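Heads up: the structure comes next, in structure tokens.
Protein chains: 2
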Amino acid sequence: MDVRTICLGILTRGDATGYEIKNLFQHDGYQHFVEASFGSIYPALNRLCEEGLISVREEAQEKRPDRKVYSVTPAGRSAFLAFLLKPLPEDRHRSPFVFAMLFSDLLPPGRVSALLEDYINQTEAKLAQLDEGNTKHKSAGEEFANGFGRAIYEAALEFLKKQRPRFEIPEAVAAE
Amino acid sequence: MDVRTICLGILTRGDATGYEIKNLFQHDGYQHFVEASFGSIYPALNRLCEEGLISVREEAQEKRPDRKVYSVTPAGRSAFLAFLLKPLPEDRHRSPFVFAMLFSDLLPPGRVSALLEDYINQTEAKLAQLDEGNTKHKSAGEEFANGFGRAIYEAALEFLKKQRPRFEIPEAVAAE
DNA sequence: CCGATCTATATCAGACCAATATAGATAGGG
DNA sequence: CCCTATCTATATTGGTCTGATATAGATCGG
């Protein structure tokens, strides 16, 4: 699932600029499961244009760079559909946190419990973020993505909190 | 968390060849949370050598390429320790599956439920894989990584199965 | 006996990210 | 009121990473 496909899919839901696409990754169903940087979005949009899968219209703005608003073409729509019908690439989860925890025996106890608390806070923040856009109407897909995220983060949180005693600073050490 | 750091950490647990490092990603605590390809492992090991963080010894083998067994140096050990004490990069989870589900309204119902069932099977396979190495002795870190994976996959599985009715093929369509 | 899988290294094109550059607008705190 | 931070908006670049490919004999199952 390359950045070109991601952009194509997002534009299927409505016209947008590269900048707006990037911001979408913090909202709606996209959060936590899809991401891309400017350094790949802009080239992706250029190439999709060349391939005729999307089109641009430039909206001139005073004292600002022109907005380049992209729209899917019929060809783009069917290309995206074709992607959705092919076997999907597998998920990828990379966690520097879990990797670090594998080496908890090498670390001072204070560091380990700090890592754990930080990660708990991050997870709580992500859960809160999912609840933010909770009032507005959601499509079936958005509701699925939201619910899936919530299910995972809640389970993670429960597990992490249960681990606290295991990685607590021993009183003897804390007293030093 | 680049591949160099990952390799360095793994070698902290014992000497290994590039090939063995790659295989480790399917085992123990590394599975599902860390990954790297040969195309980045071999250059990473070369550079770690240049930097003096690891060392090599070549074991000649008949009728096979020499094994290049890598070991951490004291400098490497403290460099890895320093990494663990710095703020960690954030987790990243990318899911083509969730992305595809966001567009479930564009797909024929049969395709959506097939996606869901495939993903359920994949998740069950991952859970089974976690239980595989369950007999052998595990370090505190490995136990944490294993438990964390299990907590997440079990919650995901529960959620996914609950979603089945929502994305079932309508009987009218199935009968066609 | 043949194909598949395993051991083991290595390279390369293409994809991608993080950082940086540009540049004026707007908003908030002191 | 000014200064800093953040926002809108595009773009490039260096360095990193993946996926595919190449090589080559060993071993194992059917």
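The listed protein sequences correspond, in order, to chains A and B. Counting along the first sequence from 1, when you hit position 118 you're at 118 in my numbering, and nothing is skipped either side. Counting along the second sequence from 1, when you hit position 20 you're at 1020 in my numbering, and nothing is skipped either side. For every residue, glycine included, the Cβ atom is placed at its ideal position computed from N, Cα and C. Remember, it's a predicted structure, so these values are computed and weren't measured experimentally.
Check, Outcome
"Best match in A:Ala-125, A:Glu-59, A:Tyr-19 and A:Leu-53 for proximity to Ile-41 of chain A [C-alpha to C-alpha]", "A:Tyr-19"
"Span of the alpha helix (DSSP H) around Val-1003 of chain B", "1003 to 1012"
"Local conformation of Val-72 of chain A per DSSP, three classes", "strand"
"Straight-line gap, Met-1001 of chain B to Val-98 of chain A (C-alpha atoms, nearest Å)", "12 Å"
"Residue burial classification, Ala-1060 of chain B (beta-carbon count within 10 angstroms, cutoff 16)", "exposed"
"Nonlocal neighbours in the same chain, by C-beta distance under 7 Å from Ser-71 of chain A, ignoring five residues either side", "Leu-11, Asp-15, Ile-54 and Ser-55"
"Test: Glu-35 of chain A CB closer than 9 Å to a CB of chain B", "yes"
"Whole-Å CB distance - Asn-146 of chain A paired with Leu-130 of chain A, under 8 Å assumed", "6 Å"
"Contact set between Phe-1025 of chain B and chain A, taken where Cβ atoms lie within less than 9 Å", "Residues of chain A passing the Cβ test: none, with the nearest at roughly 11 Å."
"Selected residue, minimal CA-CA separation from Gly-76 of chain A, among A:Ile-169, A:Phe-159 and A:Thr-5", "A:Thr-5"
"Contact between the segment 23 to 33 of chain A and the segment 138 to 154 of chain A (3+ Cβ pairs under 8 Å)", "yes"
"Chain-ordered residues of the segment 1006 to 1017 of chain B with a beta carbon less than 9 Å from chain A", "Ile-1006, Gly-1009, Thr-1012 and Arg-1013"
"Runs of beta strand (DSSP E) lying entirely within the segment 23 to 68 of chain A, each at least 3 residues, in chain order", "54 to 59"
"Exposure label - Asp-1091 of chain B; buried when at least 16 CB within 10 Å", "buried"
"Near the ligand FMN: Lys-1022 of chain B beta-carbon under 8 Å from a heavy atom", "In terms of ligand content, the structure shown is empty, and the ligand FMN therefore cannot be addressed."
"Neighbourhood of Val-1003 of chain B by C-beta, 7 Å cutoff - its chain only, sequence neighbours within 5 removed", "Ala-1036, Ser-1040, Ile-1041 and Ala-1044"
"Exposure label - Pro-165 of chain A; buried when at least 16 CB within 10 Å", "exposed"
"Residue from A:Leu-157, A:Thr-17 and A:Pro-87 whose Cα sits closest to the Cα of Asn-121 of chain A", "A:Leu-157"
"Bridge partner(s) assigned by DSSP for His-1093 of chain B", "A:His-93"
"Ser-1104 of chain B versus Gly-52 of chain A: straight-line alpha-carbon distance, rounded", "24 Å"
"Contact list for Gln-31 of chain A against chain B, beta-carbon separation under 9 Å", "Correct list: empty, because the minimum Cβ distance to chain B is about 10 Å."
"Contiguous alpha helix (DSSP H) assignments of at least 4 residues, all confined to the segment 1079 to 1166 of chain B", "1096 to 1101, 1109 to 1132 and 1140 to 1163"
"Interface residues of chain B facing Gly-225 of chain A [CB-CB closer than 8 Å]", "Residue 225 of chain A lies beyond the residue range present for chain A, which begins at 1 and ends at 176; the question has no answer from this structure."
"Where Gly-1009 of chain B falls, given that 16 or more other Cβ within 10 Å makes a residue buried", "buried"
"For Phe-1080 of chain B and Lys-1022 of chain B, the rounded distance between their alpha carbons", "19 Å"
"Where the segment 1083 to 1098 of chain B meets chain A: residues whose CB sits under 9 Å from a CB there", "Phe-1083, Leu-1084, Leu-1085, Pro-1087, Leu-1088, Pro-1089, Glu-1090, Asp-1091, Arg-1092, His-1093, Arg-1094, Ser-1095, Pro-1096, Phe-1097 and Val-1098"
"Neighbour list for Ala-151 of chain A in chain B, Cβ cutoff strictly below 8 Å", "Ala-1155, Ala-1156, Glu-1158 and Phe-1159"
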